[in-house]
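Engineer: So that we are looking at the same thing, I have put the structure below in structure tokens.
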Ligand code: BGC
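Here it is as structure tokens:
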């Protein structure tokens, strides 16, 4: 009797307690229930407050409800150092140094989705540890022109490669309860005039080339946030764009996350209300952001919006929809009590950075197998070039970092050879000696006032006495190179490096050129140099990753995520399309006249002989042999799939990895199609003598093109070919099949 009494009382007490806890705080309710409950408790002012910034990188929560602020951070290669509340200047914290991961071009060059997950998980852990709600990255704008100053932050020229690589990154970040914010949606394909370029592009190119990676990020990666781009499309800024945000992102793709503006990407209150924007950041409204204490109230989505609401000039439903999205973001992140704590600067993070770097480095050329350098045979190595010593984690714009440590290529080489070989160094050229971004200073003094001739003479003299010469040059992160807000002015290497390389090649035939960049470069000296490595901005472990490849501890397995063409005019964006390298003040139309013919889709068709290094290219220290591909049936029905298989064997002496690529070629169609398109890839690891079968499933969806008149994806019955290749130009075998109605 007594026991029953206690049970009943306890039950009643629990019931009361459960009832007392508001729905929005109760973890056992769904996020949607919690969102609706929180929304119902908010005043108009509170609603407007949470949809715009309160500082450079934060927006307020709802203090009354205990709902915390949202904190954002760049992204995408490491966690940005803290800046002042309302300034870009450093807050000068002592605990905000991070691990810098390789730039996203390098990640794409690994062609390894598992490494993308590792990348996302690791950077997400650092973001979480630093108490960030949203990581501003990754970026997936398509590589249209090699001049784009921000290509290094993106994942190359191919929509499928970018899609496959972006999804695991997002999943990795968000496994920490930190939101990924995919950027810059959409058509942000160059930097010059980024705020006033109105992109004109046909729907085919939009859907087939420029949107797929964003769509994958939303639908497969389930990104919780997306960032609008600076440019315009159909004469509306992308941050408040009816077509991109409302019609495509929210309606066609059912995106349920938050659309965040790029910093300063909002220009108009009405459009910001109606055209799909959810959160406004970085506006410089009337210049008030700088200094004025109440500047944030002047944001387009602040007082001007409140006024319109109070005057019944806009509906509360639109506001509620924005607020719902922001609350959903907060419940997925800040208010998820079971998310992990994160970690920072761990050995695992450094190892991840190193491994991604090692797997992303691309061996472009290796005549006479001059690489890897046999440490037992060489006595003296001359390392030449500014990029051998320059810290590359500082600069480039918003992705600039403050790192705990960064191993330069020269230091990586020295520590690898460990006194067994003499390593001598000469600068060779002076490029950018500054080393400062937003108050983060590398601390390196790279000033060198010697003349060009003196620098070259010193380099050539060291080169002529060495067994090997490793030239480490390329671009850097200063304005006009690989850097935000401006583009490169030429495809050629800056600072007279072409001349230097030619002189070095005359002085020593064992010349290895290492190009550090996030973009293709012209190589007028390509035939005079036996070995070329495409290195990237590799972050904290840059020198160790590179040394691993140079000395053969690592067998290179990176493949190019974009095509190298010989000259700028060979690129379709410059040959057919429009591009303006001149700064203008007013809105400028840039038409992507090349349509879908971007990257290898263009060179396959028109510029075969102008390819310097093709998309998907990368050598190994071992060799691979491909069998003839086979298909399990030659006819495919609309709801069916077929399997394309190929056997691949390691025929060399070293363990290595190869990326087997599947392209599909449509033999006849009523709209023009590329010669072939990447539809699958797999990276396989093989021991010497080992053989594996790689199999790809091909479905109707893989055969489609976007019919812009019908506004739908069409797979046209008829003949197709599956092309198995080691790069866009190294075709290993073909097999035909037919799509039946
Ligand atoms: C960049 C974004 C960045 C933001 C915040 C903008 O200038 O375009 O990519 O996330 O600044 O730093």
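Residue numbers (the numbering used here): 29 to 769. C-beta atoms are modelled at their ideal positions from N, C-alpha and C, and glycine is treated no differently. Note that the structure is predicted; figures quoted are calculated from it, not measured.
Looking only at its own chain, which residues have a Cβ that is under 7 angstroms from the Cβ of residue 553, when we skip the five neighbours before and after it?
Structural biologist: So the list reads 526, 529, 530, 533, once near-sequence residues are dropped.
Engineer: Closest to residue 238 by C-alpha separation, out of 67, 219, 272, would be which residue?
Structural biologist: Cα-wise, what sits closest to residue 238 is 272.
Engineer: Within this structure, are the beta carbons of residue 194 and residue 155 separated by less than 8 angstroms?
Structural biologist: No.
Engineer: In angstroms with no decimal places, state the Cα-to-Cα distance between residue 652 and residue 135.
Structural biologist: Near 23 angstroms, if we compare the C-alpha coordinates of residue 135 and residue 652.
Engineer: Ignoring anything shorter than 4 residues, give me the alpha helix (DSSP H) runs that lie fully in the segment 332-369, in order along the chain.
Structural biologist: Listed in chain order, the complete alpha helix (DSSP H) runs (minimum 4 residues) inside the segment 332-369 are 344-360.
Engineer: Note down, in chain order, each residue of its chain lying with its Cβ closer than 8 angstroms to the Cβ of residue 715, except the 5 sequence neighbours on either side.
Structural biologist: If we look at residue 715 and ignore the five residues flanking it on each side, its Cβ neighbours are 678, 683.
Engineer: Could you name the residues of the same chain whose beta carbon sits closer than 6 angstroms to that of residue 265, not counting the 5 residues immediately before and after it, in chain order?
Structural biologist: Correct list, in chain order: 295.
Engineer: Report all residues from its chain with a CB closer than 8 angstroms to the CB of residue 564; omit the five preceding and five following residues, and keep chain order.
Structural biologist: Result list for residue 564: 130, 131, 133, 134, 137, 180, 385, 388, 389, 544, 545, 546, in chain order.
Engineer: Out of 503, 512, 508, state which residue places its alpha-carbon closest to the alpha-carbon of residue 521.
Structural biologist: Among 503, 512, 508, the Cα nearest to that of residue 521 belongs to 503.
Engineer: Can you tell which of 720, 632, 415, 745 has its C-alpha closest to the C-alpha of residue 705?
Structural biologist: Nearest C-alpha to residue 705: 632.
Engineer: Can you tell me the Cα-Cα spacing of residue 4 and residue 369, whole angstroms?
Structural biologist: Missing from the structure shown is residue 4; the chain here goes from 29 to 769 and no further.
Engineer: Would you report the Cα separation of residue 608 and residue 649, rounded to the nearest angstrom?
Structural biologist: Approximately 41 angstroms between the Cα atoms of the pair.
Engineer: How long is the line joining the alpha carbons of residue 660 and residue 376, rounded to whole angstroms?
Structural biologist: When rounded, the distance between both Cα atoms is 43 angstroms.
Engineer: Kindly list the residues whose CB is nearer than 7 angstroms to the CB of residue 463, restricted to its own chain and excluding five residues on each side of it in sequence; keep chain order.
Structural biologist: So the list reads 419, 422, 469, 470, 472, 474, once near-sequence residues are dropped.
Engineer: Who are residue 493's beta bridge partners in DSSP?
Structural biologist: Residue 493 is not bridged to any residue.
Engineer: What residues does the ligand BGC have around it, judged by CB closer than 6 angstroms to any heavy atom, in chain order?
Structural biologist: Every residue passing the under-6 angstroms Cβ criterion appears here: 102, 103, 164, 211, 290, 291, 426.
Engineer: Starting from residue 765, follow the beta strand (DSSP E) in both directions and report where the run begins and ends.
Structural biologist: It spans 759-768 - the beta strand (DSSP E) in which residue 765 sits, taken as one unbroken run.
Engineer: Am I right that residue 186 and residue 627 are in contact with their C-beta atoms under 8 angstroms? What's the rounded C-beta distance?
Structural biologist: Residue 186 to residue 627, Cβ: 6 angstroms. Contact.
Engineer: If contact is defined by three or more beta carbon pairs under 8 angstroms, each pair taking one atom from either stretch, is the segment 100-107 in contact with the segment 392-403?
Structural biologist: With the cut-off at 8 angstroms, the segment 392-403 and the segment 100-107 do not touch.
Engineer: What is the rounded straight-line gap between the Cα of residue 145 and the Cα of residue 350?
Structural biologist: Cα-Cα distance, rounded: 30 angstroms.
Engineer: Looking at C-alpha atoms only, which residue of 766, 99, 524 is the closest neighbour of residue 458?
Structural biologist: Here the closest residue by C-alpha is 524.
Engineer: So what does DSSP say about residue 126, is it helix, strand or coil?
Structural biologist: Looking at residue 126 - three-state DSSP - the assignment turns out to be strand.
Engineer: Using DSSP with H/G/I as helix, E/B as strand and the rest coil, what is residue 291?
Structural biologist: Residue 291: coil per DSSP, three-state reduction.
Engineer: For residue 698, tell me which candidate among 745, 508, 85 has the shortest Cα-Cα distance.
Structural biologist: When only C-alpha atoms are compared, the closest one is 745.
Engineer: Along the beta strand (DSSP E) that carries residue 562, what are the first and last residues, could you check?
Structural biologist: Segment 559-563, the beta strand (DSSP E) holding residue 562.
Engineer: Do residue 403 and residue 448 have their beta-carbon atoms positioned less than 8 angstroms apart in this structure?
Structural biologist: The answer is yes: Cβ separation under 8 angstroms.
Engineer: For residue 751, which of 691, 758, 708 has the nearest alpha-carbon?
Structural biologist: The option with the nearest alpha carbon to residue 751 is 691.
Engineer: Would you say residue 427 and residue 466 are within 8 angstroms of each other, going by their C-beta atoms?
Structural biologist: No, Cβ-Cβ distance for residue 427 and residue 466 is not below 8 angstroms.
Engineer: Buried or exposed: residue 121, going by 16 or more other Cβ atoms within 10 Å of its Cβ?
Structural biologist: Exposed, since its Cβ has fewer than 16 Cβ neighbours within 10 Å.
Engineer: Quick check: the segment 299-318 against the segment 337-356, are at least 3 beta-carbon pairs closer than 8 angstroms?
Structural biologist: Segments in contact, yes.
Engineer: Measure the C-alpha to C-alpha separation of residue 452 and residue 411 and round it to an integer number of angstroms.
Structural biologist: Those two C-alpha atoms are separated by around 6 angstroms.
Engineer: Hey, would you say residue 127 sits closer than 8 angstroms to residue 373, going by beta carbons?
Structural biologist: Yes, the pair counts as a contact, with Cβ atoms nearer than the cut-off.
Engineer: Below 6 angstroms CB to CB, which residues in the same chain sit around residue 430 once its five sequence neighbours on both sides are set aside?
Structural biologist: 109, 125, 468, listed in sequence order.
Engineer: Identify whether residue 615 lies in helix, strand or coil by the three-state DSSP scheme.
Structural biologist: Correct three-state label for residue 615: coil.
Engineer: Determine, using beta-carbon pairs with one atom in the segment 321-330 and one in the segment 63-80, whether at least three such pairs fall under 8 angstroms.
Structural biologist: Judged by Cβ distances under 8 angstroms, the segment 321-330 makes contact with the segment 63-80, as three or more pairs qualify.
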